[in-house]
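Notes follow the structure.
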Amino acid sequence: MKSFNWHNPYLSARTPIFARNIVSTSHPLAAQAGLHMIRQGGNAVDAAIATAACMTIVEPVSNGLGSDCFAIIWDGQQLHGLNASGPAPAAWNPDYFARRYGTDERGFAQRPLRGWDTVTVPGAVAGWVALHEKFGRLPFEQLLIPAIDMAEKGYIVPPMVAHKWAAAARELHGQPGFAQAFLPDGRAPKIGELFRLPAAAQTLRRIAQTRGRAFYEEDIAEKIVAFSRAENAALNLYDLGDYRPQWVTPIKQRFRDYELYEIPPNGQGIAALIALGILNHFDLRNLPVDSPESQHLQIEAMKLAFTDVYQYVADPARMEVTPEQMLSEAYLAERASQIAPHRATQFQAGRPYAGGTIYLATADDSGMMVSFIQSNYMGFGSGVVVPGTGISLQNRGVGFSMDPKSANAVMGGKRPFHTIIPGFLTQNGQPVMSFGVMGGDMQPQGHVQTLVRMIDYDQQPQTACCAPRWKVNRDYSLDIEQGVPPNTIEGLKRLGHRMLSFEDSYMDFGAGQFIWKLSGSDAGLGYVAASDSRRDGQAVGF
Numbered sequence: 415m416k417s418f419n420w421h422n423p424y425l426s427a428r429t430p431i432f433a434r435n436i437v438s439t440s441h442p443l444a445a446q447a448g449l450h451m452i453r454q455g456g457n458a459v460d461a462a463i464a465t466a467a468c469m470t471i472v473e474p475v476s477n478g479l480g481s482d483c484f485a486i487i488w489d490g491q492q493l494h495g496l497n498a499s500g501p502a503p504a505a506w507n508p509d510y511f512a513r514r515y516g517t518d519e520r521g522f523a524q525r526p527l528r529g530w531d532t533v534t535v536p537g538a539v540a541g542w543v544a545l546h547e548k549f550g551r552l553p554f555e556q557l558l559i560p561a562i563d564m565a566e567k568g569y570i571v572p573p574m575v576a577h578k579w580a581a582a583a584r585e586l587h588g589q590p591g592f593a594q595a596f597l598p599d600g601r602a603p604k605i606g607e608l609f610r611l612p613a614a615a616q617t618l619r620r621i622a623q624t625r626g627r628a629f630y631e632e633d634i635a636e637k638i639v640a641f642s643r644a645e646n647a648a649l650n651l652y653d654l655g656d657y658r659p660q661w662v663t664p665i666k667q668r669f670r671d672y673e674l675y676e677i678p679p680n681g682q683g684i685a686a687l688i689a690l691g692i693l694n695h696f697d698l699r700n701l702p703v704d705s706p707e708s709q710h711l712q713i714e715a716m717k718l719a720f721t722d723v724y725q726y727v728a729d730p731a732r733m734e735v736t737p738e739q740m741l742s743e744a745y746l747a748e749r750a751s752q753i754a755p756h757r758a759t760q761f762q763a764g765r766p767y768a769g770g771t772i773y774l775a776t777a778d779d780s781g782m783m784v785s786f787i788q789s790n791y792m793g794f795g796s797g798v799v800v801p802g803t804g805i806s807l808q809n810r811g812v813g814f815s816m817d818p819k820s821a822n823a824v825m826g827g828k829r830p831f832h833t834i835i836p837g838f839l840t841q842n843g844q845p846v847m848s849f850g851v852m853g854g855d856m857q858p859q860g861h862v863q864t865l866v867r868m869i870d871y872d873q874q875p876q877t878a879c880c881a882p883r884w885k886v887n888r889d890y891s892l893d894i895e896q897g898v899p900p901n902t903i904e905g906l907k908r909l910g911h912r913m914l915s916f917e918d919s920y921m922d923f924g925a926g927q928f929i930w931k932l933s934g935s936d937a938g939l940g941y942v943a944a945s946d947s948r949r950d951g952q953a954v955g956f
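Going left to right, the sequence shown walks through residues 415 to 956 as this note's numbering numbers them.
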């Protein structure tokens, strides 16, 4: 068992949760629904599916029935990875967008951030089915009962969800179907109000009855496509019917005497692996945990990681370099040598050697552990809601590039660059932690910051979760969360880091869930779990 420092020096009302069976996510009702499945004889995968289905109802600001999802599962013997992100409609290419939206000063097609022309094939429902077919214990229909009940009878809207709902309403009220589904009485629901989504209850029943077929091939698919056609959009029955999620082998990076696993591209999990591989070349433990010197090294490693990720990561069939090349030990050592300990640097992409999201974690007393993430991307995603179904569709098409020469250039049947990443930690081949941090580009940065705190500084999961964070932006400026010590901020400025400041910690600094196994060899000794106070959720267990 790792020797954590159980003292939490950061402002927080939350304490770690200890139990032999645990579900941790950003809404209490969903967490309890998942735990109920384990009590009924299900396993951690059953709990994850039930929780994920509930989250589409109780946190619609972050995900929905039209989401994508990813998962990493420890089955008791080995890890499995699931990529349930969907591809672009067959009709998409740069010319499609240029005809509809014109071109910019570079001659590249322009594209919207919301609406039908951001919607790729939704993968989440197929992902639930794939998880159940491989690992589920309870009947699939049983797992969706809590979500159906919450959609039909309603639930009380909590503070963080209400805040994000109101913010999204101003932008999305005019998107097709949005106001009818999510603006009862012409506005977003307030804290403490009851919200129902009965159309989603009917959709969930059909998903349960048909094990997802209705969503991709039958009546639900026909409703989605009829609405697409009515709005002159590209998504069709062939796009939906041809979709299959993929089982993949997680990629890894050793950090100290642990191994971090992530889903391989088209996701950005490799950014966390690159950053930690670079940090292996620095002795962080001998620097104070919140010092500018320690934070500077982590920030620079993250900047180096992002320069390569933004250059190279795409649908793996289209990448010009492989993840193995990007994670080469010699290449990461070379990248680490570019970090100046006493000043910030503007890095360029290297050349590897040739050769709105919800997260949940579950674990049961048999030793099965699940790391699962599901997202509509930008809040409510595209803003498009299919009438009579409660299906809010993601806007993952925004992840494509309109540069025809980019590895991530838009193309029909191709999966876009994805931000959502589940994480999993092992040691000596044994499971240690299922974890994740939500929030766009914050996700790999949250993985790095929390792991450094737990591994190098012995901070227990809730402490690492509560600690204030920084975020590297696309222009390599920094956002700094409230609570970062003033001397750290001043020290980072002296090193040349450009600072921005945002008060909205709901999205800007992510929100995590963590389940750490207390003994690598004995699941009966249980787990310690943490849930981020930046959301409404909790970790629950028995």
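Glycine is no exception: its CB is placed at the ideal position from the N, C-alpha and C atoms.
In angstroms with no decimal places, state the Cα-to-Cα distance between residue i and residue j.
i: residue 696; j: residue 524; result: 42 angstroms
i: residue 596; j: residue 699; result: 48 angstroms
i: residue 769; j: residue 733; result: Since pLDDT at residue 769 reaches only 49, below the 50 mark, its modelled position is unreliable, and no value is offered.
i: residue 590; j: residue 442; result: 30 angstroms
i: residue 500; j: residue 638; result: 15 angstroms
i: residue 583; j: residue 653; result: 29 angstroms
i: residue 764; j: residue 448; result: 43 angstroms
i: residue 566; j: residue 472; result: 12 angstroms
i: residue 427; j: residue 945; result: 11 angstroms
i: residue 842; j: residue 860; result: 24 angstroms
i: residue 818; j: residue 726; result: 14 angstroms
i: residue 665; j: residue 913; result: 33 angstroms
i: residue 673; j: residue 667; result: 6 angstroms
i: residue 421; j: residue 880; result: 12 angstroms
i: residue 812; j: residue 417; result: 43 angstroms
i: residue 434; j: residue 926; result: 20 angstroms
i: residue 580; j: residue 761; result: 38 angstroms
i: residue 802; j: residue 601; result: 19 angstroms
On the three-state DSSP scale, how would you describe residue i?
i: residue 419; result: strand
i: residue 557; result: helix
i: residue 601; result: coil
i: residue 733; result: coil
i: residue 851; result: strand
i: residue 952; result: strand
i: residue 478; result: coil
i: residue 914; result: strand
i: residue 504; result: coil
i: residue 681; result: strand
i: residue 835; result: coil
i: residue 531; result: helix
i: residue 511; result: helix
i: residue 828; result: coil
i: residue 484; result: strand
Which stretch, first to last residue, makes up the alpha helix (DSSP H) that contains residue i?
i: residue 637; result: 633 to 644
i: residue 708; result: 706 to 726
i: residue 581; result: 573 to 586
i: residue 471; result: 458 to 472
i: residue 862; result: 856 to 869
i: residue 786; result: It is not in any alpha helix (DSSP H) - residue 786 instead sits in the beta strand (DSSP E) that spans 783 to 789.
i: residue 653; result: 651 to 655
i: residue 444; result: 442 to 453
i: residue 892; result: Run containing residue 892: none in the alpha helix (DSSP H); it sits in the beta strand (DSSP E), 892 to 894.
i: residue 433; result: Element bounds for residue 433: not the alpha helix (DSSP H) but the beta strand (DSSP E), 431 to 433.
i: residue 594; result: 592 to 596
i: residue 628; result: 627 to 630
At what residues does the beta strand (DSSP E) containing residue i begin and finish?
i: residue 552; result: Looking at the DSSP string, residue 552 is not in any beta strand (DSSP E), and its letter there is neither H nor E.
i: residue 957; result: The structure shown does not extend to residue 957, since the chain is modelled only from 415 through 956, so no value can be given for it.
i: residue 941; result: 941 to 945
i: residue 925; result: 925 to 931
i: residue 902; result: No beta strand (DSSP E) contains residue 902, which is instead part of the alpha helix (DSSP H) from 900 to 908.
i: residue 439; result: 436 to 439
Name the DSSP bridge partner or partners of residue i?
i: residue 845; result: 840
i: residue 745; result: Its beta-bridge partners do not exist; DSSP assigns none.
i: residue 668; result: 673
i: residue 873; result: 419
i: residue 966; result: Because the chain is modelled from 415 through 956, residue 966 falls outside the range shown and cannot be assessed.
i: residue 570; result: 608
Does the CB of residue i have a neighbour CB from chain B at under 9 angstroms?
i: residue 787; result: Protein chain content of the structure displayed is limited to a single chain, and chain B is not contained in it.
Can we count residue i as close to the ligand SAM, meaning its CB is less than 8 angstroms from some heavy atom?
i: residue 865; result: The ligand SAM is not part of this structure, which contains no ligands at all.
| field | Complete alpha helix (DSSP H) runs within the region 749 to 826 (minimum length 4 residues, chain order) | value | none
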